[in-house]
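Below you'll find the structure, written out as C-alpha cells, and then a few comments.
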Amino acid sequence: MSARAAAPGAGSAGHAPPAGYRRAGAALAAEWIKLRSLRSMLLTPLLGTVASIGVSASAVRHNATGYSHLDAVQKAQFDPLGTNFNFVVLGILLFGALGALVATNEYGSGLIRTTLAATPQRGLVLAAKAVLAGLAAFALAVVIVFTTFFTGQAILSGAHAPHVSLGDHYVLAHLLGNVYYMTAAGLIGLFTGVLVRSAAAAITSMFGLLLVLPVLADKITPDAVTRHTVPYLPLNLGDEMLHHHQGLSPGPAVAGLAAWVLVLAAAAALSLRGRDA
Amino acid sequence: MSAQAGTVPHRGIRLDSRLRATARSEWIKFRSVRSGPLALSATALTVVAGAWLLGDANRGSYLAASPAGQAAFDPVFTVLQAIELAQLFVGALGVLTVTGEYASGLIRGTFVATPQRAQVLAMRALVFAVVVWACCTAMSFAAFFLGQSALSPAKHAGIGDPGVLTAVSGAGLYLTLVGLLAMFIGVLVRHTPGALAALFGILIVLPVLFLSIIPGKITQNLGEYMPGQAGEQAFHQLHSGAYALGSWPGLGVLAAYVAVAAFAAFALILKRDA
C-alpha cells in the first residue's frame, strides 16, 4: 500500500515539498531580482522623484514670492500645506505607471512564462510582486513626500509666508495620507497591469482612471447616478482624504482607496490563475 | 557589371506601384493586430456614449443656470468633451502602430522588405490617418446628434447652425492629429511606455504644469498654444475667454506641432539603426 502510494513520487523522493515559508522566500527573492535589475525600474523612479520634487518646489517658490502681494482675504485663505502638495497628482500618475510597468514588462519580454514555470503557484507570484512593489512604492513615496514637505516649507519660511512644521496639528497625518495615496496608486497600477497585460493598455488606463475621467466627471452636474459614483474615483478619494471638505470624510476615503486596491488585487489574482500566460 | 544583372528587372518598378505596395503592407499590419479595432471601439464608445451622458447631465444644469451662464453655454463642446478621454485611446493606438513593431522586432523585416524608410513612414502615416479620420469623423457626427437630442429642450445646436459643421468635423480632425502626433513620438522614442508617457505628458500634464509654475500674462497667452489646448478649440462652437483662437487656427497650431514631430521622426528613422 505504502509502496504503491510512494511509487508515482519515487523519482522525487529526495525533494520533499518545501515548507511554505521557504517557497514564499524564494518567490520574494526572485521578484526582488527582477525588480532591481531592470535599468528602467531604477532610472524612471529616480527621474520621476526629482521631477515631482522640483515641480512642487518651483510652484511653492512662485506662491511664496507672490504672498506679499495678496490682499487680506487671500492671505487668510493661504494654505501652506495645500500649496506644497498641489502637484500630488503627478506623483500619483508616476506611481500608477510604474506599478503597471512592473507587471507588463514581464509580459512584454515573455519572462512571465519562465516565472510561472519556476513558480507554478501563481497566487504566490502575485503576492510576492505586490509585497515588493508595495514596499518599494512606500519607500519612494516617503522620500518624495517628506522631501517635498521640507523643501516647500523651507522656501515658505524663507519668504516670510505662513508655513507649518511636522509637529503641527494634522500635518503628519496629511503627509502619511499622501504616502498612502501614492502607494495605493502603485498597487492599482500593478494589478491593472496584471489584468490587461500590455504596457500600452495599462498606462492608458492609469492616465484615464487617475486623471482624465475624474476631471471630466467633475464637469457633469451631480445627479442621482454620479453623486454616488464620482466621489469614489481614486482621484476624488485621494482629494477627499487630504482636504476633507465635502461629502466623504477621511476615514471612508482611506477605506475607499483600500477597496480599489483589494478589488483589483482579487480580480488580478483570478485572472492570473485562470488565464494562459 | 554583370554581377548586378539580377537587379535589372527591378529597375522598372514605378514609384506609384511601389507606394501602393507599401501602403498595402502597412494596411495589413494595421488591421491584423488586435489593438486597432480595440482602441477604435473604445474611442467610439467613449465619444458616443459620453455625448449622451454629457447631454443628459447638462440639460438640467443649463435650465438652472443664470442668463450669463446660459449665453456662455456651448452645446457642441459640452457633448463632445468626452474626446478629452477618448484621445488617450487614439494616442495609444498611434504610439502602438510604431512601437509595437519595434517591440516584436518586425521593424527589421519591414525595413528589409522596403529599405526606403521614409516611404514606409509616410505610407504608415497615410493609412493610419485615413482610417482614424474616417472612424473618428463618423463617431463625432453620431455623438453630436445623440448628444443634441439628449440636450433638448435645453439650448441645443442643429448641424446647419453657424460653426457647428466646422466644430463637429474638427473633432474628427483633432483626434486624427493627436493620433499622428502619437505615431511620430513613437518613432522618436521607440518604446511603448516611454512614448505614452511623453504623449500624455504633452497633451494633459504639460498645460497644467506650465501655467502653474511660470504664471503671468505671457504664459497665460501661451497656454492656448499648447498642442492639446490649441487643438481642442476645434470642437468649440463659441470661441471666447480661454478659447479665443478659433477652430481652424487651433487645428493649425496642433498641425504645426505634428509637422515638427514628423520632421524629427523622418530625420531619425533614416539615420538610426533599427
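Going down the list, the sequences are from chains R and D.
Each residue of the first sequence is one higher than the last, beginning at 29 in the numbering used here.
Each residue of the second sequence is one higher than the last, beginning at 6 in the numbering used here.
Glycine included, every Cβ here is placed at the ideal spot set by N, Cα and C.
The continuous alpha helix (DSSP H) containing D/VAL194 extends over residues 169-194. Residue R/LYS157 holds the alpha-carbon nearest to the alpha-carbon of R/THR132 among R/LEU244, R/LYS157 and R/THR111.
For D/ALA162, the secondary structure class from DSSP, reduced to helix, strand or coil, is coil.
Straight across, the Cα-Cα distance linking D/ALA44 with D/HIS196 is about 18 Å.
Between D/ASP79 and D/GLN234, the C-beta gap is not smaller than 7 Å, which leaves the two residues out of contact.
In this structure the region 237-248 of chain R touches the region 58-72 of chain D; the number of beta carbon pairs closer than 8 Å is three or more. Straight across, the Cα-Cα distance linking D/THR104 with D/ILE274 is about 13 Å. Chain-ordered, the chain R residues with CB closer than 7 Å to the CB of D/PHE94 read THR232. Secondary structure of R/VAL130 (DSSP, three-state): helix.
Taking 7 Å as the threshold, the shortest C-beta distance from R/PHE235 to chain D falls below it. Shown here, R/ILE248 sits in coil according to DSSP, grouped into three states, outside any helix or strand.
Chain R has a Cβ within less than 7 Å of the Cβ of D/PRO198. Contact check between the region 168-182 of chain D and the region 248-261 of chain D: three or more CB pairs, one atom from each, fall below 8 Å, which counts as touching. For the region 182-195 of chain D, no residue has a beta-carbon sitting nearer than 7 Å to a beta-carbon of chain R.
When secondary structure is reduced to three states using DSSP, R/HIS202 falls in the helix class. Closer than 7 Å to the CB of D/LEU85 there is not a single CB belonging to chain R. Within the region 276-304 of chain R, contact with chain D at the beta-carbon level (separation under 9 Å) is assigned to no residue. According to the DSSP assignment, D/VAL258 belongs to the alpha helix (DSSP H) that extends over 252-276.
Comparing alpha carbon positions, the residue from R/LEU200, R/PHE166, R/LEU290 and R/GLY127 closest to R/THR72 is R/GLY127. Below the 7 Å Cβ cutoff, chain D contributes no neighbours of R/LEU223, its closest Cβ being approximately 14 Å away. In this structure, the beta-carbon distance from R/VAL222 to R/ALA165 does not fall below 7 Å. The C-beta distance from R/ALA305 to R/LEU160 rounds to 20 Å, too long to fall under 8 Å, and the pair is not in contact. The beta-carbon distance between D/PHE215 and D/GLY228, rounded to whole angstroms, is 7 Å. This is short enough to meet the 8 Å contact definition.
Using a CB distance cut-off of 7 Å, R/LEU244 counts as an interface residue toward chain D. Secondary structure of R/ASP267 (DSSP, three-state): helix. Remark: three or more beta-carbon pairs, one from each stretch, lie closer than 8 Å, so the region 153-173 of chain D and the region 72-90 of chain D are flagged as touching. When the beta-carbon positions are compared, R/ALA212 and R/LEU109 stay at least 7 Å from each other. Going by C-alpha positions, R/ALA281 is about 20 Å away from R/LEU118.
D/ALA47 and R/LEU238 have their alpha carbons spaced roughly 17 Å apart. In the three-state DSSP reduction, D/HIS241 falls in the coil class, being neither helix nor strand.
Pairing R/GLY53 with D/THR119, the inter-Cα distance amounts to about 51 Å.
For D/ALA97, at least one C-beta of chain R is nearer than 7 Å to its own C-beta.
Between R/ALA227 and chain D, the shortest Cβ-Cβ separation is below 7 Å. When secondary structure is reduced to three states using DSSP, D/PHE78 falls in the coil class, being assigned neither helix nor strand.
Nearest C-alpha to R/GLY236 among D/GLN92, D/THR27 and D/LEU68: D/GLN92. Within 10 angstroms of the beta-carbon of R/ASP196 lie fewer than 16 other beta-carbons, which makes it exposed.
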